[in-house]
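Have a look at the structure below, then the notes.
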(Lines of atoms letter the chains of each structure in order from A and count residues from 1; the text may use other names and numbers.)
(Lines give C-alpha, C1' and ligand atoms only; values in the text may rest on other atoms or scores of the structure.)
Protein backbone atom coordinates (compact mmCIF):
# COMPACT_ATOMS: atom_id res chain seq x y z
CA UNK A 1 0.00 0.00 0.00
CA UNK A 2 2.83 2.40 0.87
CA UNK A 3 4.55 1.66 -2.44
CA UNK A 4 1.36 2.41 -4.38
CA UNK A 5 0.94 5.70 -2.53
CA UNK A 6 4.56 6.70 -3.24
CA UNK A 7 4.20 5.79 -6.92
CA UNK A 8 1.01 7.88 -7.20
CA UNK A 9 2.64 10.89 -5.53
CA UNK A 10 5.78 10.72 -7.68
CA UNK A 11 3.68 10.22 -10.81
CA UNK A 12 1.53 13.23 -9.93
CA UNK A 13 4.60 15.41 -9.40
CA UNK A 14 6.12 14.34 -12.71
CA UNK A 15 2.85 14.92 -14.59
CA UNK A 16 2.36 18.32 -12.92
CA UNK A 17 5.87 19.42 -13.87
CA UNK A 18 5.34 18.26 -17.44
CA UNK A 19 2.10 20.25 -17.71
CA UNK A 20 3.80 23.35 -16.30
CA UNK A 21 6.61 23.16 -18.86
CA UNK A 22 4.16 22.38 -21.66
CA UNK A 23 2.08 25.49 -20.92
CA UNK A 24 5.04 27.91 -21.14
CA UNK A 25 5.02 29.92 -24.36
CA UNK A 26 7.54 32.00 -26.25
CA UNK A 27 5.32 35.04 -25.68
CA UNK A 28 5.52 34.54 -21.89
CA UNK A 29 9.29 34.25 -22.18
CA UNK A 30 9.49 37.37 -24.35
CA UNK A 31 7.43 39.31 -21.82
CA UNK A 32 9.79 38.23 -19.06
CA UNK A 33 12.92 39.18 -21.00
CA UNK A 34 11.55 42.56 -22.13
CA UNK A 35 10.65 43.46 -18.55
CA UNK A 36 13.85 42.24 -16.90
CA UNK A 37 15.61 45.09 -15.15
CA UNK A 38 18.88 43.32 -14.33
CA UNK A 39 20.46 39.94 -13.98
CA UNK A 40 22.42 40.31 -10.78
CA UNK A 41 23.65 43.84 -10.10
CA UNK A 42 26.55 42.47 -8.05
CA UNK A 43 27.82 40.34 -10.93
CA UNK A 44 30.31 41.80 -13.39
CA UNK A 45 28.35 42.86 -16.46
CA UNK A 46 30.61 42.76 -19.49
CA UNK A 47 29.91 43.98 -23.02
CA UNK A 48 29.98 40.32 -24.13
CA UNK A 49 27.19 39.48 -21.70
CA UNK A 50 25.18 42.50 -22.87
CA UNK A 51 25.59 41.47 -26.53
CA UNK A 52 24.54 37.91 -25.74
CA UNK A 53 21.41 39.16 -23.96
CA UNK A 54 20.74 41.60 -26.83
CA UNK A 55 20.75 38.79 -29.37
CA UNK A 56 18.29 36.82 -27.22
CA UNK A 57 15.92 39.79 -26.97
CA UNK A 58 16.28 40.48 -30.70
CA UNK A 59 15.32 36.88 -31.54
CA UNK A 60 12.30 37.03 -29.24
CA UNK A 61 11.16 40.24 -30.97
CA UNK A 62 11.55 38.65 -34.40
CA UNK A 63 9.67 35.54 -33.26
CA UNK A 64 6.88 37.79 -31.96
CA UNK A 65 6.61 39.54 -35.33
CA UNK A 66 7.79 42.97 -34.12
CA UNK A 67 8.54 45.51 -36.87
CA UNK A 68 12.22 46.46 -36.57
CA UNK A 69 12.49 48.27 -39.91
CA UNK A 70 12.51 51.75 -38.34
CA UNK A 71 15.35 50.90 -35.96
CA UNK A 72 13.45 51.06 -32.65
CA UNK A 73 14.77 50.88 -29.12
CA UNK A 74 14.16 47.24 -28.31
CA UNK A 75 14.92 47.41 -24.58
CA UNK A 76 15.50 50.24 -22.11
CA UNK A 77 16.50 47.65 -19.51
CA UNK A 78 18.52 45.00 -21.32
CA UNK A 79 20.56 44.36 -18.18
CA UNK A 80 21.53 46.77 -15.45
CA UNK A 81 22.80 49.98 -17.07
CA UNK A 82 22.44 48.74 -20.66
CA UNK A 83 19.91 49.34 -23.46
CA UNK A 84 19.37 47.65 -26.82
CA UNK A 85 18.95 49.82 -29.91
CA UNK A 86 18.26 48.52 -33.40
CA UNK A 87 20.01 50.52 -36.13
CA UNK A 88 20.58 50.32 -39.85
CA UNK A 89 23.98 49.39 -41.22
CA UNK A 90 25.13 51.69 -42.60
CA UNK A 91 23.43 54.14 -40.27
CA UNK A 92 20.58 56.24 -41.70
CA UNK A 93 18.77 59.41 -40.61
CA UNK A 94 15.91 57.38 -39.11
CA UNK A 95 18.37 55.98 -36.53
CA UNK A 96 18.97 59.48 -35.16
CA UNK A 97 15.28 60.19 -34.48
CA UNK A 98 14.63 60.41 -30.71
CA UNK A 99 11.59 58.12 -30.98
CA UNK A 100 13.87 55.37 -32.33
CA UNK A 101 16.51 55.77 -29.62
CA UNK A 102 16.42 54.34 -26.13
CA UNK A 103 15.07 56.94 -23.71
CA UNK A 104 16.95 55.40 -20.77
CA UNK A 105 20.25 56.12 -22.54
CA UNK A 106 19.21 59.59 -23.76
CA UNK A 107 18.11 60.56 -20.24
CA UNK A 108 21.21 59.12 -18.56
CA UNK A 109 19.47 56.27 -16.69
CA UNK A 110 21.57 53.78 -18.66
CA UNK A 111 25.25 54.38 -19.35
CA UNK A 112 25.83 51.68 -21.97
CA UNK A 113 24.20 50.48 -25.16
CA UNK A 114 24.28 47.60 -27.60
CA UNK A 115 23.46 48.28 -31.24
CA UNK A 116 22.33 45.46 -33.50
CA UNK A 117 21.31 46.03 -37.10
CA UNK A 118 17.84 45.19 -38.38
CA UNK A 119 19.07 41.69 -39.25
CA UNK A 120 20.38 41.06 -35.71
CA UNK A 121 24.06 41.50 -36.52
CA UNK A 122 26.31 43.18 -33.96
CA UNK A 123 27.17 46.81 -34.80
CA UNK A 124 28.75 48.12 -31.59
CA UNK A 125 28.58 48.17 -27.80
CA UNK A 126 29.75 50.97 -25.55
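Numbering (our numbering), first residue to last: 103 to 228. Glycine residues also receive a C-beta, built at the ideal position from the N, C-alpha and C atoms. If you're wondering where the values come from, they're calculated on a predicted model, not measured in any experiment.
Determine the burial state of residue i: buried for a count of at least 16 other Cβ atoms within 10 Å of its Cβ, exposed for fewer.
i           : result
residue 226 : exposed
residue 159 : buried
residue 178 : buried
residue 146 : exposed
What is the DSSP secondary structure of residue i, counted as helix, strand or coil?
i           : result
residue 179 : strand
residue 227 : strand
residue 217 : strand
residue 188 : strand
residue 209 : coil
Below 6 Å CB to CB, which residues in the same chain sit around residue i once its five sequence neighbours on both sides are set aside?
i           : result
residue 216 : 152, 153, 156, 186, 227
residue 170 : 188, 220
residue 103 : none
residue 167 : none
Distance check for residue j and residue i, CA to CA, integer angstroms please.
i           : j           : result
residue 202 : residue 150 : 24 Å
residue 148 : residue 108 : 47 Å
residue 193 : residue 111 : 59 Å
residue 195 : residue 204 : 16 Å
What residues in its chain sit with their C-beta under 7 Å from that of residue i, if we drop five residues either side in the sequence?
i           : result
residue 197 : 173, 189, 190
residue 207 : 185, 215
Would residue i pass as an interface residue toward chain B - the criterion being a Cβ-Cβ separation below 7 Å?
i           : result
residue 205 : Protein chains in the displayed structure number just one, and chain B is not present.
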